[in-house]
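Residue numbers (the numbering used here): 4 to 408. Before any comments, here is the structure.
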């Protein structure tokens, strides 16, 4: 999942339209001629007509970490210097080819004081200058949404767009209206709020295989709660891969893998035991681990197990349901295809170390984040729609009812 920082888990940085009216400054030694101005004249010939605009006003707080920059009209920028106030650390940036706009190279830090000094010349070589010292929006007065899937990824047909915000959102309509999700398939996509901090988007049916999905996030400056503003502005695209939906039948202890409408494999499995049954319902693979540790205490059980190297593990729920390899089964009496023996997970035959050619390795290698695994005929209840990326277990009418726009 995406985490809220400037790394690949994507706190989002982007260039936006510059926001503030121009600050018109005269060159050193020049002054405007009021009489000429009143008559429509050109004013003092020593005065530059270049007009510099710095997006953040001098002395302002709560400045954007995305939209900060400099632009000029009736002239070209000759020098822009941006530093962290106090330390003097230079902020790298570049001027556009036409000399009209300067932008920082990277997203600014929140809650940081900066200084910009800019100079420009008009067509006659006359100089204008502008300066601004300002502070960007603080963490306490802003919100960020971590999201999945990542930009540029290929995912399964069940993958929703899912946001988790770091602060409770009270103006859900304002926030949702500034996130748009569209698909090349033409499917209608609707957002649903599970609570004040989670917003998911999906179509009525699974995504069409091969479609391209675009998510436009325009939250910079959007007030999501009283005095709390968004800072993200970015466009994210991902690709929906082939369709793969696998169905686990707890009665027969088998899993049937269907790809693009055709059955490609039937795999013996071992689902939950009578004491620890497996959820029914449509579940989406949200994480994949070649090996991971599983400890029963982390899912609210006692000390029943602590396995440091569970192979080929794929997460199905936030609460701890996985589909994974099992190497610790009784080799003289394998349960796969015969009986449920797990603590609620779906187990496949495997070997320690995640090597070899095993059913678990085959399924792991042939699965994408976003693939659907359906469990049926278990004595357990249907998984909750917000327990993982499992909103497909909610009727479409209910899903739409949870939209704020």
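C-beta: ideal position from N, C-alpha, C; glycine also. Quantities reported herein were computed from a predicted structural model and do not represent experimental measurements.
Please classify residue i as buried or exposed, where buried requires at least 16 other C-beta atoms within 10 Å of its C-beta.
i           : result
residue 359 : exposed
residue 165 : buried
residue 296 : exposed
residue 328 : buried
residue 384 : exposed
residue 267 : exposed
residue 331 : exposed
residue 362 : buried
residue 336 : exposed
From which residue to which residue does the alpha helix (DSSP H) around residue i run?
i           : result
residue 384 : Taken as a continuous stretch (DSSP letters only), residue 384 belongs to no alpha helix (DSSP H), as it is neither H nor E.
residue 176 : 175–180
residue 368 : 362–368
With respect to the beta strand (DSSP E) encompassing residue i, which residues constitute its N-terminal and C-terminal limits?
i           : result
residue 118 : 116–124
residue 404 : Not the beta strand (DSSP E): residue 404 falls in the alpha helix (DSSP H), residues 399–404.
residue 134 : 130–138
residue 164 : 164–168
residue 330 : Neither: residue 330 is in no beta strand (DSSP E) and is coded neither H nor E.
residue 195 : 192–198
residue 309 : 309–318
residue 338 : From DSSP, residue 338 is part of no beta strand (DSSP E); its letter is neither H nor E.
residue 80  : 79–87
residue 243 : 236–243
residue 324 : Residue 324 -> no beta strand (DSSP E), and no H or E assigned at all.
Give the C-beta separation of residue i and residue j to the nearest angstrom, bearing in mind that I take them to be a contact with Cβ-Cβ under 8 Å.
i           : j           : result
residue 183 : residue 379 : No, residue 183 and residue 379 are not in contact; Cβ-Cβ is about 35 Å, not under 8 Å.
residue 119 : residue 162 : So it is not a contact: roughly 41 Å between Cβ atoms.
residue 345 : residue 275 : 5 Å
residue 314 : residue 294 : 5 Å
residue 382 : residue 340 : 19 Å between Cβ atoms; not a contact.
residue 100 : residue 55  : The pair is not a contact, with the Cβ atoms about 18 Å apart (cut-off 8 Å).
Pick helix, strand or coil for residue i, following the three-state DSSP scheme.
i           : result
residue 37  : In this prediction, residue 37 has a pLDDT of 36, which is less than 50 and means its spatial position is unreliable; nothing more can be read from the coordinates.
residue 105 : strand
residue 396 : helix
residue 300 : helix
residue 283 : strand
residue 186 : strand
residue 143 : helix
residue 112 : coil
residue 153 : coil
residue 93  : strand
Do residue j and residue i have their beta-carbon atoms positioned less than 9 Å apart in this structure?
i           : j           : result
residue 372 : residue 290 : yes
residue 325 : residue 232 : no
residue 70  : residue 223 : yes
residue 125 : residue 133 : no
residue 399 : residue 388 : no
residue 376 : residue 234 : no
residue 374 : residue 159 : yes
residue 173 : residue 228 : yes
residue 186 : residue 206 : yes
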